[in-house]
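Enquirer: First the structure, then my questions, so here it is.
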Amino acid sequence: MGAEAQQKPKVGLVLSGGGAKGIAHVGIIQAMERAGVRPDYIVGTSMGSVIGGLYAIGYSGAELEEIVKTSDWELMVSNRVSYSSIAFEEKEYYNRYLFELPVIDGKIAVPAGLIEGQKLSETLHYYSWPSIPYKSFDDFPIPFRAIATDVKSGKAVVLESGYLADAMRASIAIPTAFTPFEADSTLFVDGGVVNNFPVDIVREMGADYVIGINVGDEDFLDPKELDSFSSILMQIAMTSSYSKLVDNIAGCDIYIKPDLLEYSTASFSAFQEILDLGKAAGEEYEPQFEELAKKLPPMDPIVGIGTKVDSVVIHGIVINGNKMFSDELIRSKLGFNQIDTLSRSDLQKGIDRVFGVNGFSKVGYQLSPLPNGAYRLVINTKEKQNTILSGAFHYDNVFSAGVLLNLTMRDLLGKPSRTVAIADISQNPKFRLDHYKYLGDDKKYAINVRYDYLFQQIPEYEDGIKRDLYLNRQSQVKLNFITTHSLKQSSWFGPFFEHTKAQSSYQISIPSEVKGAYYSSYGLRFLHIRSSLNDRNFPTQGSELIVESLFRTLNKFKIKLKNGVDTLTLNQGDVEVKIPKSELDRTFEEITPNGYLTTYFNYQKFFALGNKVQLVPSMALGLTISGQDESFLFNDFSIGGYQRVQFDDTPAWGLNYGELTAENFGKLGLYSQWIPSPNLYIRAGTNLIGHQSHIPFGGNGDFDMNGFMKDQLILGFGVDASLNSFLGPITAGLTTNTKDGAIRPYLAIGFSFNYSDR
C-alpha cells in the first residue's frame, strides 16, 4: 500500500488572473469537489490568488460562492467605504465628487493609481482571518503560492509566507486601476504583468498533474479591441506574461478556458452570470475530474471554515504612518483596549471607524504573534495629503449647469483642524468656507465656523407655471459647538447671522418702484441630526431624523426704492395705498417681529420589501412660534421640488422647487423605490401637504377650517428614475398635484452644491 500511495500523482491547481472573470474559478472548484479531486498545491495570480488563497486555508466551494454573492463588489473596486462608516461631520462632503487630487507644495499631483482599494483590503483581511496562526503558506491545509510583480526589478515574486491578505492584495494590484501595494519596503503590482498563468510555479512545488483554469486572454488583443488608454497600457505591460503563456498552457494536463468573451475584467456587477459560466465549464470537465479522482486517495469531505471563527487576544497596539492624526485619536476610533479579545468583525468595524475620519487613503492592520500566544495589533495608516482638491459637474432644469470645486485643508489654522472651501461656478454661484477646530486629541467635540453665500434665481409659480423670477443673494454666518464622537448622530448649538437681498426680474410680484428688499436676522440655533442611511445619494436602508430650532432674537426688514422714486404704491384689494419714502423704514419696523422661534422637523425611514424594493414613509413639520399677530413679517419655510439647496428646504412631490412658502406647514409622504438592475433606481410616491400663515401662540388668531381644507391642502404625486452613473446621479422625473393638475418635469445630472441631489 505504501508503494501504491507513492505512485499517486500530486495534483496542482493553477488559477489565472482576470479581474471579475476570476469569479468563474469558483464554479469549477465546486465541480472538482463533487468529483472527489482535492489539489495538493494551489498557485494563483491576481483574482486567482484571492480565490486560491481562500480555498487553500479551508473555505469550501459553497462558501466561496457565498462570499462572491454577498460581497459589495462596487464598493471593493472603488476608493470608498460604506457611508455609515464615515465620521458624521465628514458625511456632508463624502462621495459627492468625480475626482480627488492631492495638492503638494501648491501643485496638483496625480496619484500612482486610481483606486487604493480600502474595502478590498478590508475584505481580504476579514476572510483570510483563519490564516493568522500560519507562519508559512506551506502550512495551509493546501500549500499555496501567490504571484506578484516587483516594480523595481520588473520580475515575478513568488509569495509563500507572511500575511495572506497582503499577499493577495499585492497580487491583485492591477496597473492603471489599483495603486501599487507596499510590503517590506518592496512595491508590488499585479502578478499578471509577468506570469498570469503560473503553471511553471506549481510544477516547481512538486505537482505531477496540473489542472489549469485560464480566465485571461490567450494572446495579444487585436488593436481594434483596445478601446481605451488603460487597455493599451495593460497590453504593453503584459508582454512578458504572454511570452510564457503558450508553454504554461502546454504544461497543463487539464486546461480549462471558460467562455467569458462577453465579459471584461471590470464586469463585477455580472458576478452571478460569470459564476454560472464557471459552473457550466466545471460540469463540462467533471467526467475528466472523476477519472482523475480514481487515481487519487479518497478525499475527505470538504467541511469548510464555517461561520464561527476564533477570536484573538491582543497585547498592545502600535500605530504606524500617522502624522496629522494622533495615536490618541486613532485608538479612540478603534475603541479597543491595549489588552483585549477581538473577533474579525471587531477589527473590521474598528478599521472602518478610523478610515471614516476621511483623512486616510488607506488603513490596514497586522497581528504580530507574541511569545505568550497573544498578538500585537499593528495599525498601518497612509494619510491623504493635507490638501485635497475635488471637483464635479452638475446640471438641472431649475438652476442650470455648474462646476463644483472643493479645497479641503487639514491643520491649516491650528491642529487638529479642517478647513473646507467650496465654490459652485454657475449662473447661480455659491460659496462656502467651513472651518472645524477639534477639541482634544480624540476629536469628540469641535468648534465650527461656517460662512455660506448663495445667489439663487428662484422662480415664482402660479398653477405650476413660472410667472416671475426672484434674484436672492443670501449670506449666512454660523458659529457652532458640535459633537463629533458618533458615526450616526451629531448636535450643534450656537449663534447665527443671515442677510438676504431679494429682487424681482420681471417686477410682477414686487412693485415696480422697488429696487430691492433686505432682510437680516440674528439669533441662536440648535440642530440635532441622527442618520443611519447607508448611502448619501442612493440610500436603501436606515433612517434619518433632523430637528432644527432657530430663535430669531433680532430681525430687520428694509425696502429700497429705485433712484428718483419717492413713493411706494401698494394695491390691497381695491384700495391703493401710497407710502412716502420717508415713511418706509418706520412702516416696516412696525411689522417686523420681535424675537420668535422657528422649529423644523424631518424624518424618513426605509423598509425593505424584498431585495430590490423599499417602502419609505416620511414626515416633515415647520412651525413659527410667536405671540405676535399674523400682520408681522415672519420668515417662511420652502417646500417643493427634488433638491435641498438650503438646509431646511423640504422636497415634495407635486411642486417645483420653492413653489410653496409658508410660515407653518406639515407634510406626510410615502414612496416606493424599485431597483430593477444595478445602479437604476425608480421611485413613485405621494405626499399630503398642509400650510398655514402665522397663528399667534395662545390661539388669538383666526383659523378657517373650511378654507384650510379647500385652499391649503395639496396632494402631490410623482415618479422618477435615477441612474448611479460615473458622472453622479442622473435623475429624470415628472410630478403633479390635484390642485392644478400641471405636469412639472425635472432633470438633473451630477453632484451639486446642494444638501441632496435627489
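First residue of the sequence shown: 1, per UniProt numbering; consecutive thereafter. Don't be surprised by glycine CBs; every beta carbon is placed ideally from N, CA and C. These figures come from a predicted structure and were not determined experimentally.
Have a look at Met-76 and Leu-124 and give me their C-alpha separation to the nearest angstrom.
Expert: Here residue 76 refers to the residue found at position 76 of the sequence shown. Here residue 124 refers to the residue found at position 124 of the sequence shown. The straight-line gap from Cα to Cα measures roughly 10 Å.
Enquirer: Can you name the start and end residues of the alpha helix (DSSP H) that Asp-259 belongs to?
Expert: In the sequence shown, counting from the first residue as 1, residue 259 sits at position 259. For Asp-259, there is no enclosing alpha helix (DSSP H), as DSSP marks it with neither H nor E.
Enquirer: Across which residues does DSSP place Asp-720 in a beta bridge pair?
Expert: For the purposes of this step, residue 720 is taken as the residue at position 720 of the sequence shown. Note: Asp-720 sits in a beta bridge opposite Arg-683 and Gly-733.
Enquirer: Taking 9 Å as the cut-off, decide whether the C-beta atoms of Tyr-461 and Ser-475 are in contact.
Expert: The sequence position of residue 461 within the sequence shown is 461, counting from 1. The sequence position of residue 475 within the sequence shown is 475, counting from 1. No, these two residues do not count as a Cβ contact at 9 Å.
Enquirer: Rounded to whole angstroms, how far is the Cβ of Phe-751 from the Cβ of Arg-80, which I believe are closer than 8 Å?
Expert: What you label residue 751 is simply residue 751 of the sequence shown in a count that begins at 1. What you label residue 80 is simply residue 80 of the sequence shown in a count that begins at 1. With a Cβ gap of about 14 Å, Phe-751 and Arg-80 do not count as contacting.
Enquirer: Can you check which of these residues, Val-420, Tyr-438 and Ser-426, is closest to Arg-432 by C-alpha distance?
Expert: Position 432 of the sequence shown, counted from the start, is the residue given in the question as residue 432. The residue with the shortest Cα to Cα distance from Arg-432 is Val-420.
Enquirer: Taking a contact to mean a Cβ-Cβ separation below 9 Å, would you say residue 761 touches Asn-320 in this structure?
Expert: For residue 761 there is no data in the structure shown, the boundaries of the chain being 1 and 758.
Enquirer: Any idea what DSSP makes of Ala-20, helix, strand or coil?
Expert: Looking up residue 20 in the sequence shown gives position 20. In the structure shown, Ala-20 sits in a helix (DSSP, three-state: H, G or I).
Enquirer: Quick one: what does DSSP say Ile-305 is sitting in, helix, strand or coil?
Expert: The residue labelled residue 305 in the question sits at position 305 within the sequence shown. In this structure, Ile-305 counts as coil in the three-state DSSP scheme.
Enquirer: Extract the residue ranges of the alpha helix (DSSP H) inside the region 109 to 145, only unbroken runs of 4 or more that lie entirely within it.
Expert: 118 to 127
Enquirer: Could you tell me which residues DSSP puts in a beta bridge with Ser-326?
Expert: Here the question's residue 326 lines up with position 326 in the sequence shown. Beta-bridge pairing links Ser-326 to no other residue.
Enquirer: Check whether the region 381 to 388 and the region 320 to 333 are in contact - that is, three or more C-beta pairs closer than 8 Å.
Expert: yes
Enquirer: What residue from Tyr-365, Phe-289, Leu-292 and Ala-374 has the CA that sits closest to Val-313's CA?
Expert: Start at 1 with the first residue of the sequence shown, and residue 313 comes out as number 313. Nearest option by C-alpha distance: Ala-374.
Enquirer: Does the beta-carbon of Pro-130 have 16 or more other beta-carbons within 10 angstroms, so that it is buried, or is it exposed?
Expert: Position 130 of the sequence shown holds residue 130. The residue is buried, with at least 16 neighbouring Cβ atoms inside 10 Å.
Enquirer: If we ignore side chains and look at the alpha-carbon of each, how far apart do Leu-159 and Ala-652 end up?
Expert: The sequence position of residue 159 within the sequence shown is 159, counting from 1. The sequence position of residue 652 within the sequence shown is 652, counting from 1. About 57 Å.
Enquirer: Cβ atoms of Ser-269 and Glu-74: under 9 Å apart, would you say?
Expert: Position 74 of the sequence shown, counted from the start, is the residue given in the question as residue 74. Position 269 of the sequence shown, counted from the start, is the residue given in the question as residue 269. Cβ atoms of Glu-74 and Ser-269: closer than 9 Å.
Enquirer: How is Pro-223 classed by DSSP in three states: helix, strand or coil?
Expert: Start at 1 with the first residue of the sequence shown, and residue 223 comes out as number 223. For Pro-223, the pLDDT reaches just 49, beneath the cut-off of 50, and the residue's location in the model is therefore unreliable, leaving the point undetermined.
Enquirer: When you compare each of Glu-204, Ile-388 and Gln-366 to Lys-107 by their alpha carbons, which one comes out closest?
Expert: Locating residue 107 in the sequence shown gives position 107, where the first residue counts as 1. The alpha carbon of Lys-107 has as its nearest neighbour, out of Glu-204, Ile-388 and Gln-366, the alpha carbon of Ile-388.
Enquirer: From residue 775 to Leu-13, what distance separates their C-alpha atoms?
Expert: In this structure the chain extends from 1 to 758, so residue 775 is not present and cannot be described.
Enquirer: Quick check on residue 760: does DSSP put it in helix, strand or coil?
Expert: A question about residue 760 goes unanswered here, because the residues of the chain that appear run from 1 up to 758.
Enquirer: Does the region 542 to 553 come close enough to the region 596 to 607 to have 3 or more Cβ pairs within less than 8 Å?
Expert: yes
Enquirer: Please list the segments of the alpha helix (DSSP H) lying wholly inside the region 513 to 579, counting only runs of 4 or more residues, in order along the chain.
Expert: When DSSP assignments are scanned along the region 513 to 579, no uninterrupted stretch of alpha helix (DSSP H) that is 4 or more residues long falls wholly within it.
Enquirer: Is it a yes or a no for the region 390 to 410 touching the region 344 to 352, going by three-plus beta-carbon pairs under 8 Å?
Expert: no
Enquirer: Let me know the secondary structure DSSP gives Met-76 once reduced to three states.
Expert: By one-based count along the sequence shown, residue 76 stands at place 76. Of the three classes helix, strand and coil, the one that applies to Met-76 here is helix, per DSSP.
Enquirer: Since residue 759 and Ile-529 are thought to touch, with beta carbons under 8 Å apart, how far apart are those beta carbons, to the nearest angstrom?
Expert: Nothing can be reported for residue 759, as the shown portion of the chain is limited to 1 through 758.
Enquirer: Below 8 Å on the Cβ atoms is my guess for Gly-191 versus Gly-17; work out the distance and round it to an integer in Å.
Expert: Numbered from 1 along the sequence shown, position 191 holds the residue referred to as residue 191. Numbered from 1 along the sequence shown, position 17 holds the residue referred to as residue 17. Sure, about 7 Å apart at Cβ, within 8 Å.
Enquirer: Counting pairs of Cβ atoms below 8 Å between the region 43 to 61 and the region 245 to 264, do you hit three or more?
Expert: no
Enquirer: Between Lys-560 and Glu-590, what straight-line distance do the alpha-carbon atoms span, to the nearest angstrom?
Expert: To locate residue 560, count along the sequence shown from 1; it is residue 560. To locate residue 590, count along the sequence shown from 1; it is residue 590. The straight-line gap from Cα to Cα measures roughly 17 Å.
Enquirer: CA-CA distance, Arg-644 and Ser-638?
Expert: As a position in the sequence shown, residue 644 is number 644, starting the count at 1. As a position in the sequence shown, residue 638 is number 638, starting the count at 1. Those two C-alpha atoms are separated by around 10 Å.
Enquirer: Hey, out of Leu-670, Asp-636 and Ile-675, whose CA is closest to Glu-659's CA?
Expert: Translated into the one-based positions of the sequence shown, residue 659 becomes position 659. Checking every option, the nearest Cα to that of Glu-659 belongs to Asp-636.
Enquirer: Thinking C-beta only, is Asn-555 closer than 9 Å to Ser-521?
Expert: To locate residue 521, count along the sequence shown from 1; it is residue 521. To locate residue 555, count along the sequence shown from 1; it is residue 555. Going by C-beta atoms, Ser-521 is nearer than 9 Å to Asn-555.
Enquirer: On the DSSP bridge assignment, give the partners of Leu-413 in chain order.
Expert: Here residue 413 refers to the residue found at position 413 when the sequence shown is read from its first residue. Note: Leu-413 sits in no beta bridge, so no partner.
Enquirer: Nearest CA to the CA of His-691: which residue from Leu-621, Asn-724, Met-168 and Asp-648?
Expert: The residue given as residue 691 occupies position 691 in the sequence shown. Out of Leu-621, Asn-724, Met-168 and Asp-648, Leu-621 has the C-alpha closest to the C-alpha of His-691.
Enquirer: Measuring only the C-alpha atoms, how far is Lys-257 from Arg-169?
Expert: Translated into positions along the sequence shown, residue 257 becomes position 257. Translated into positions along the sequence shown, residue 169 becomes position 169. Whole-angstrom Cα-Cα distance: 24 Å.
Enquirer: When we look at the beta-carbon of Lys-152 and count the other beta-carbons within 10 Å, is it buried (16 or more) or exposed?
Expert: Counting from one through the sequence shown, the residue named residue 152 turns up at place 152. Exposed is the call here.
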